[in-house]
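Visitor: Quick one: this structure, given as structure tokens, is what I'll be asking you about.
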Amino acid sequence: MAMVRLLPAFKDYLWGGTKLKENYNKKSDLDIVAESWELSTHKDGQSIVDSGEDQGMLFGDYLQKLGKEALGTKGAAFENFPILIKFIDAKGNLSIQVHPNNEYAMRVEKEYGKTEMWYILDAEEGASLYYGTNKEITKEEFRERIENNTLLDVLKSVPVHKGDVFFIEAGTIHAIGEGIVICEIQQNSNTTYRVYDFGRVGADGKPRELHIDKAIDVSNLTPLESDFKPCGEVKTYDGYQVAMMASCDYFTTYIYEVKSECSVKVDEESFASFVIVDGEGTIESDDTMLSIRKGDSIFATAGTGSVRVKGNCRFILSRV
Ligand SMILES: [Zn+2]
Numbered sequence: 001m002a003m004v005r006l007l008p009a010f011k012d013y014l015w016g017g018t019k020l021k022e023n024y025n026k027k028s029d030l031d032i033v034a035e036s037w038e039l040s041t042h043k044d045g046q047s048i049v050d051s052g053e054d055q056g057m058l059f060g061d062y063l064q065k066l067g068k069e070a071l072g073t074k075g076a077a078f079e080n081f082p083i084l085i086k087f088i089d090a091k092g093n094l095s096i097q098v099h100p101n102n103e104y105a106m107r108v109e110k111e112y113g114k115t116e117m118w119y120i121l122d123a124e125e126g127a128s129l130y131y132g133t134n135k136e137i138t139k140e141e142f143r144e145r146i147e148n149n150t151l152l153d154v155l156k157s158v159p160v161h162k163g164d165v166f167f168i169e170a171g172t173i174h175a176i177g178e179g180i181v182i183c184e185i186q187q188n189s190n191t192t193y194r195v196y197d198f199g200r201v202g203a204d205g206k207p208r209e210l211h212i213d214k215a216i217d218v219s220n221l222t223p224l225e226s227d228f229k230p231c232g233e234v235k236t237y238d239g240y241q242v243a244m245m246a247s248c249d250y251f252t253t254y255i256y257e258v259k260s261e262c263s264v265k266v267d268e269e270s271f272a273s274f275v276i277v278d279g280e281g282t283i284e285s286d287d288t289m290l291s292i293r294k295g296d297s298i299f300a301t302a303g304t305g306s307v308r309v310k311g312n313c314r315f316i317l318s319r320v
């Protein structure tokens with residue numbers, strides 16, 4: 001049983017901005033911070049333990065040291081650590097993209113597929129994103145529209161507001177639009193099939209690679225319904241409010257609004273991730289107490305028991 005603070009791995013992708021450094025207490029030498037990987041064992045960017053006797057250890061090595069019980073019975077059922085959590089600052093538009101499901105990704109990419117969800121932390125006036133198609137299209141039409149740069153005409157553009165929740169099942173064509181800051185909870189995967197990049201070039205002056213054939217294999221070309229709110233009702237208790245945001249085979253996430261104090265039971269079924277998205281306070285288990293503030297990421301092993309969050313803050317709880 002243990003609870004630690006994590007430091008993220010940073011990514012300076014070309015569409016990123018500086019809000020994670022300015023508004024989310026992120027410390028990085030990079031000029032641009034597009035993403036911070038707050039709970040990650042992925043080889044492309046691991047989080048680092050930042051408290052306790054294992055401070056400085058890569059998060060993957062730390063979990064190895066603790067053994068599979070740390071993940072809980074549901075978490076340990078996965079061959080690899082199941083989830084990855086990021087902050088994303090989209091100063092520019094992200095490419096139009098799609099991710100494969102588990103079956104396709106394991107077969108073709110030898111890693112997990114990518115179902116993901118987004119909690120909108122901040123959105124500039126008029127910000128929007130693309131979420132699936134706005135009408136049924138065929139694979140042939142999909143390919144044609146990629147090739148003649150008219151794909152945007154058949155994508156559903158959705159206005160975005162602070163607090164919205166998007167569930168992006170693998171196969172959903174999507175793109176985060178400019179002026180949005182997101183917390184993303186996703187399967188532990190870095191497989192993205194890019195289909196349109198707004199005619200941009202990368203740092204090397206060349207267009208970034210597209211992955212059209214694979215995208216056509218995996219894309220859902222039927223429009224989707226969603227109301228972009230937490231899937232559960234808001235429940236009010238003494239000292240806090242909570243709502244379930246999304247639940248799927250890979251993760252279940254909740255948004256907590258703490259006014260004075262709340263208690264979360266971290267049982268033997270799953271580890272827990274606490275990502276602080278606003279405010280500050282403290283987090284306590286039976287043997288550990290850590291201060292927390294906006295931007296922090298806290299990991300508690302399965303079986304940690306009662307975890308108390310005190311203060312005035314908002315956090316995302318993620319479990320398997
Ligand atoms: Zn994505």
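Per UniProt numbering, residue 1 is the first one in the sequence shown, and the count goes up by one each step.
Using N, Cα and C, we set each Cβ at its ideal position, and we do this for glycine too.
Only a predicted model underlies this, so the values are computations on that prediction, with no experimental measurement involved.
Report buried or exposed for residue 234, applying the criterion of at least 16 other Cβ atoms within 10 angstroms of its Cβ.
Guide: In the sequence shown, the residue the question calls residue 234 occupies position 234. Answer is exposed; the Cβ neighbour count stays below 16.
Visitor: How should residue 166 be labelled, buried or exposed, when 16 other C-beta atoms within 10 angstroms of its C-beta is the threshold for buried?
Guide: As a position in the sequence shown, residue 166 is number 166, starting the count at 1. The residue in question, residue 166, is buried, as its Cβ has 16 or more Cβ neighbours within 10 Å.
Visitor: Helix, strand or coil for residue 9 per DSSP?
Guide: Position 9 of the sequence shown holds residue 9. Looking at residue 9 - three-state DSSP - the assignment turns out to be strand.
Visitor: Let me make sure I understand the geometry here. Which of 285, 320 and 300 has the alpha-carbon closest to that of residue 334?
Guide: Past the boundaries of the shown model lies residue 334; the chain is included only from 1 to 320, so the question cannot be answered.
Visitor: Less than 8 Å separating the beta-carbons of residue 226 and residue 177?
Guide: Residue numbering aside, residue 226 sits at position 226 when the sequence shown is read from its first letter. Residue numbering aside, residue 177 sits at position 177 when the sequence shown is read from its first letter. Not a contact, by the Cβ cut-off of 8 Å.
Visitor: By Cβ distance below 8 Å, which residues in the same chain neighbour residue 136 in space, the five residues on each side in sequence not counted?
Guide: Taking the sequence shown and counting its residues from 1, the one referred to as residue 136 is at position 136. Result list for residue 136: 221, 222 and 223, in chain order.
Visitor: Going by C-alpha to C-alpha distance, which of 172, 82, 25 and 149 sits closest to residue 156?
Guide: To locate residue 156, count along the sequence shown from 1; it is residue 156. Of the listed residues, the one whose Cα sits closest to residue 156 is 172.
Visitor: Between which residues of its own chain and residue 276 is the CB-CB distance below 7 Å, once the five residues before and five after are set aside?
Guide: Along the sequence shown, one-based indexing puts residue 276 at 276. Same-chain partners within the cutoff: 292, 293, 294, 295, 296, 313 and 315.
Visitor: Helix, strand or coil for residue 137? Go by DSSP, reduced to three states.
Guide: Along the sequence shown, read from residue 1 onward, the residue named residue 137 stands at position 137. It is coil, neither helix nor strand.
Visitor: Within the segment 139-203, note down every full alpha helix (DSSP H) run reaching 4 residues or more, in order along the chain.
Guide: 139-147
Visitor: Is residue 173 near ligand 1, in the sense that its beta carbon is under 7 Å from a heavy atom of that ligand?
Guide: Sequence index remark: in the sequence shown, residue 173 carries index 173 (1-based). Not under cutoff, so the answer is no.
Visitor: Please report the straight-line C-alpha distance between residue 161 and residue 229, rounded to a whole angstrom.
Guide: Residue numbering aside, residue 161 sits at position 161 when the sequence shown is read from its first letter. Residue numbering aside, residue 229 sits at position 229 when the sequence shown is read from its first letter. Near 10 Å, if we compare the C-alpha coordinates of residue 229 and residue 161.
Visitor: State the Cα-Cα distance for the pair residue 64 and residue 42, rounded to the nearest angstrom.
Guide: Numbered from its first residue, the sequence shown carries residue 64 at position 64. Numbered from its first residue, the sequence shown carries residue 42 at position 42. Spanning the two alpha carbons is a distance of roughly 13 Å.
Visitor: Among 125, 114 and 206, whose alpha-carbon lies nearest the alpha-carbon of residue 249?
Guide: If you number the sequence shown from 1, residue 249 lands on position 249. The option with the nearest alpha carbon to residue 249 is 114.
Visitor: Should residue 168 be counted as a contact of ligand 1 given a C-beta to heavy atom distance under 7 Å?
Guide: Your numbering for residue 168 matches position 168 in the sequence shown. Correct: residue 168 has its Cβ closer than 7 Å to ligand 1.
Visitor: According to DSSP, is residue 261 part of a helix, a strand, or is it coil?
Guide: Looking up residue 261 in the sequence shown gives position 261. Residue state, collapsed to three classes: strand.
Visitor: Compare the Cα-Cα distances from residue 50 to each of 298, 188, 320 and 302 and report the closest residue.
Guide: Within the sequence shown, numbered from 1, the residue matching residue 50 stands at position 50. The residue with the shortest Cα to Cα distance from residue 50 is 298.
Visitor: Using only the alpha-carbon positions, how far apart do residue 318 and residue 210 sit?
Guide: Looking up residue 318 in the sequence shown gives position 318. Looking up residue 210 in the sequence shown gives position 210. A direct Cα-to-Cα measurement between residue 318 and residue 210 gives close to 32 Å.
Visitor: Apart from the five residues on each side of it in sequence, which residues of its chain come closer than 8 Å, Cβ to Cβ, to residue 59?
Guide: On the sequence shown, residue 59 is found 59 positions in, with the first residue counted as 1. 6, 39, 40, 41, 46, 47, 48, 49 and 299, listed in sequence order.
Visitor: Among the candidates 279, 272 and 281, whose CA atom is the shortest distance from the CA of residue 2?
Guide: Translated into the one-based positions of the sequence shown, residue 2 becomes position 2. Residue 272 is the option with its Cα nearest to residue 2.
Visitor: Check whether the Cβ atoms of residue 262 and residue 232 lie closer than 8 Å to each other.
Guide: Position 262 of the sequence shown, counted from the start, is the residue given in the question as residue 262. Position 232 of the sequence shown, counted from the start, is the residue given in the question as residue 232. Taking 8 Å as the Cβ cut-off, residue 262 and residue 232 do not qualify as a contacting pair.
Visitor: For residue 13, which residues from the same chain have a beta carbon less than 6 Å from its beta carbon, with the 5 sequence-adjacent residues on both sides left out?
Guide: The residue given as residue 13 occupies position 13 in the sequence shown. Taken in chain order, the residues that qualify are 34.
Visitor: At which residue ranges does the segment 5-83 contain complete alpha helix (DSSP H) runs of 4 or more residues, listed in the order of the chain?
Guide: The segment 5-83 contains these whole alpha helix (DSSP H) runs: 19-23, 59-66 and 72-76.
Visitor: Which value, in whole angstroms, describes the spacing of the CA atoms of residue 84 and residue 170?
Guide: To locate residue 84, count along the sequence shown from 1; it is residue 84. To locate residue 170, count along the sequence shown from 1; it is residue 170. Going from the Cα of residue 84 to the Cα of residue 170 covers about 15 Å.
Visitor: Can you give the Cα-Cα distance for residue 138 and residue 188, rounded to whole angstroms?
Guide: For the purposes of this step, residue 138 is taken as the residue at position 138 of the sequence shown. For the purposes of this step, residue 188 is taken as the residue at position 188 of the sequence shown. Each residue's alpha carbon lies about 30 Å from the other.
Visitor: Ligand 3 and residue 46: does the residue's C-beta get closer than 7 Å to at least one heavy atom of that ligand?
Guide: With respect to ligand 3, the structure shown offers nothing to examine, as its ligands consist of ligand 1.
Visitor: Would you check if there are 3 or more beta carbon pairs closer than 8 Å linking the segment 67-85 to the segment 19-33?
Guide: no
Visitor: Given 7 Å as the limit, tell me if residue 336 has its C-beta closer than that to any heavy atom belonging to ligand 1.
Guide: The structure shown does not extend to residue 336, since the chain spans only 1 to 320, so no value can be given for it.
Visitor: When the Cα atoms are used, what is the spatial distance from residue 288 to residue 241?
Guide: Along the sequence shown, one-based indexing puts residue 288 at 288. Along the sequence shown, one-based indexing puts residue 241 at 241. Take the alpha-carbon of residue 288 and the one of residue 241: they are about 24 Å apart.
Visitor: Tell me whether the beta-carbon of residue 321 lies closer than 8 Å to the beta-carbon of residue 36.
Guide: This structure cannot settle anything about residue 321, because the visible part of the chain is limited to 1 through 320.
Visitor: Relative to the alpha-carbon of residue 103, which residue among 274, 191, 132 and 92 has its alpha-carbon at the smallest distance?
Guide: For the purposes of this step, residue 103 is taken as residue 103 along the sequence shown, with counting starting at 1. When each option's Cα is compared against that of residue 103, the closest is 191.
Visitor: What is the DSSP secondary structure of residue 110, reduced to helix, strand or coil?
Guide: Position 110 of the sequence shown, counted from the first residue, corresponds to residue 110. In this structure, residue 110 counts as coil in the three-state DSSP scheme.
Visitor: Given that a residue counts as buried once 16 or more other Cβ atoms are within 10 Å of its Cβ, and exposed if not, what is residue 207?
Guide: Translated into the one-based positions of the sequence shown, residue 207 becomes position 207. By the neighbour-count rule (16 or more Cβ atoms within 10 Å), residue 207 is not buried but exposed.
Visitor: Could you check what DSSP says for residue 218 in three-state terms: helix, strand or coil?
Guide: The count along the sequence shown starts at 1 and reaches residue 218 at position 218. Residue 218: helix per DSSP, three-state reduction.
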